[in-house]
Amino acid sequence: MAKKLLVVRNDKIGDFMLAWPALACLKSTSPAPHITVLVPAYTAPLASTCPWVDDVMIDPGNQAGKSAQKALMESVKSARFDALLTLFSTPRIGWLGWRAGIPLRVAPATKWAQVFYNARIRQRRSRSEKPEYQYNVDLACELLARLSLTLSALPAPPFWPMDNIQRSEQRKLLANCIEPHPAARLVVVHPGSGGSAVNLSIDQYAALIGNIDRQLNGVFADWLISAGPGEESAAQALVEQLTGMDIAARRLPASTSVAEFAQLLAGADMLIAGSTGPLHIAGCLNIATAGFYPAKRSATPLRWQTCNSADRRLAFSPPASADQQDMSAIDIETAAQQISALLSR
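86 is the number of the first residue of the sequence shown in the working numbering; add one for each residue after it.
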């Protein structure tokens, strides 16, 4: 009988996307386990599309009342999981797994929440010595070893595989938003931050796109500007600024769900953004990414590296001589050179 695993990554969208390589590891073993993920409601639509997930369980969150927490406990107990893998440990989730009687409970050895786990893995993530997704893969491999499940080889990108027909359909949907030039690169730019990361200013994005456009050398790019909830005005401001520079750009139409937006990105050639959820969705899809990061230790380009192929990702951050979060110190011209070179390939 297949092992039943509960995997928890119940924070933000970008964090959850960086769990997909670990989920792919778990699902690629022989015999393959049954995987349930515990996620917040806003991440659930993405979890439902993940090819490595069998079931989705909704976490009501820390602020939910006693009745919601009790209902979650009863759901976890009744599922009779063989193991719990918590990729980001909190006392509430550790206590949940312990009280639900899950026999094997694996988590990073951080904070006092580790007392609820019987397999604690020391990682020291605060040192940012590896990508976040690699820390997650390391935890998944430890769980597999303790369950005596065999993984013949680590899965490789794309961690959100789509066939050519699916990608072609999404590309047509993107092309419907604009009047595409034949053979043009379709580039989505996401200037918002989602409230979780610093990003370039609208002026910087306009200058970046202008520089890229001039350096493409016969390659055309069609620019689509996306926005999350509450970020529409910033996206529109960028479109208007680009129009004033004689660069054709269009707003990406609003999606009905984050899953619809994510699937739409599969039709793009590149996503340019800060270190936010859309950047990590693009990484899972293995499209080209250009990410803008602060230089602080907990948010370095290495720690929050996208999980696409190495030859499809670029990362930029302030120089050592500048303040760690001074995004105005990033050399936009150099970034444009590297991005235009990647688009021209």
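Here a beta-carbon is modelled for each residue, glycine too, at the ideal position from N, C-alpha and C.
Same chain, Cβ closer than 7 Å to residue i, neighbours up to 5 away in sequence not counted
| i | result |
| --- | --- |
| Cys-262 | Leu-309, Arg-335, Leu-337, Pro-338 |
| Ser-278 | Asn-284, Gly-359, Thr-361 |
| Thr-128 | Ile-98, Phe-101 |
| Gly-146 | Pro-125 |
Residue i versus residue j: straight-line alpha-carbon distance, rounded
| i | j | result |
| --- | --- | --- |
| Ala-347 | Ala-367 | 8 Å |
| Ala-126 | Ala-164 | 19 Å |
| Ala-87 | Ser-160 | 19 Å |
| Ala-241 | Glu-214 | 20 Å |
| Lys-162 | Gly-186 | 7 Å |
| Met-355 | Arg-184 | 45 Å |
| Gln-321 | Met-102 | 27 Å |
| Ile-287 | Thr-419 | 18 Å |
| Ala-291 | Leu-327 | 6 Å |
| Ile-424 | Asn-221 | 29 Å |
| Ala-194 | Thr-391 | 24 Å |
| Asp-396 | Leu-387 | 15 Å |
| Lys-196 | Thr-171 | 13 Å |
| Phe-244 | Thr-114 | 15 Å |
| Asp-408 | Ile-178 | 36 Å |
| Lys-151 | Phe-377 | 41 Å |
| Trp-389 | Val-324 | 28 Å |
| Gln-208 | Ala-351 | 33 Å |
| Ala-319 | Leu-236 | 45 Å |
| Ser-383 | Gln-219 | 15 Å |
| Asp-416 | Leu-349 | 30 Å |
| Ser-253 | Ala-414 | 38 Å |
| Leu-234 | His-266 | 50 Å |
Residue range of the alpha helix (DSSP H) that includes residue i
| i | result |
| --- | --- |
| Ala-126 | Neither: Ala-126 is in no alpha helix (DSSP H) and is coded neither H nor E. |
| Asp-100 | 98-102 |
| Arg-299 | 287-300 |
| Pro-176 | 176-184 |
| Ile-372 | No alpha helix (DSSP H) holds Ile-372; DSSP gives it neither H nor E. |
| Lys-257 | 249-260 |
| Ala-334 | Element bounds for Ala-334: not the alpha helix (DSSP H) but the beta strand (DSSP E), 334-336. |
| Val-161 | 151-164 |
Where residue i falls: helix, strand or coil (DSSP)
| i | result |
| --- | --- |
| Ser-360 | coil |
| Arg-207 | coil |
| Phe-346 | helix |
| Lys-381 | coil |
| Arg-212 | helix |
| Ile-417 | helix |
| Leu-234 | coil |
| Phe-201 | helix |
| His-365 | helix |
| Thr-341 | coil |
| Gly-329 | helix |
| Thr-134 | helix |
| Ser-115 | strand |
| Ile-263 | coil |
| Ala-269 | coil |
| Ile-310 | strand |
| Val-52 | Because the chain spans 86 through 430 in this model, residue 52 falls outside it and cannot be assessed. |
Beta-carbon proximity list for residue i, same chain, < 6 Å, skipping 5 on both sides
| i | result |
| --- | --- |
| Gln-199 | Arg-205 |
| Ala-260 | none |
| Pro-130 | Ser-342, Val-343, Ala-344 |
| Pro-106 | Tyr-218, Val-222, Phe-244, Cys-392 |
Limits of the beta strand (DSSP E) - the one that residue i falls within
| i | result |
| --- | --- |
| Met-142 | 140-143 |
| Trp-105 | Run containing Trp-105: none in the beta strand (DSSP E); it sits in the alpha helix (DSSP H), 105-112. |
| Val-93 | 89-93 |
| Ala-283 | Checking the displayed sequence, the identity of residue 283 turns out to be Val instead of Ala. First-last for Val-283: undefined, no H or E at that position. |
Beta carbon proximity, residue i to chain B, threshold 8 Å
| i | result |
| --- | --- |
| Gln-390 | In the structure shown, chain B does not exist; there is a single protein chain. |
Residues of its chain near residue i, where Cβ-Cβ distance is below 8 Å and the 5 sequence neighbours each way are ignored
| i | result |
| --- | --- |
| Ser-72 | Because the chain is modelled from 86 through 430, residue 72 falls outside the range shown and cannot be assessed. |
| Thr-121 | Lys-89, Leu-90, Leu-91, Val-92, Val-138, Asp-139, Asp-140, Val-141, Met-142, Ala-164, Phe-166 |
| Leu-428 | Arg-270, Val-272, Ile-297, Leu-301, Val-304, Ala-306, Asp-354, Met-355, Ala-373 |
| Leu-189 | Asp-167, Ala-168, Leu-169, Asn-203, Ala-204, Leu-228, Arg-231, Leu-232 |
Review point. Which whole runs of the beta strand (DSSP E) in the segment 382-407 are 3 residues long or more, in chain order?
Key: Segments of the beta strand (DSSP E) lying fully in the segment 382-407: 398-401.
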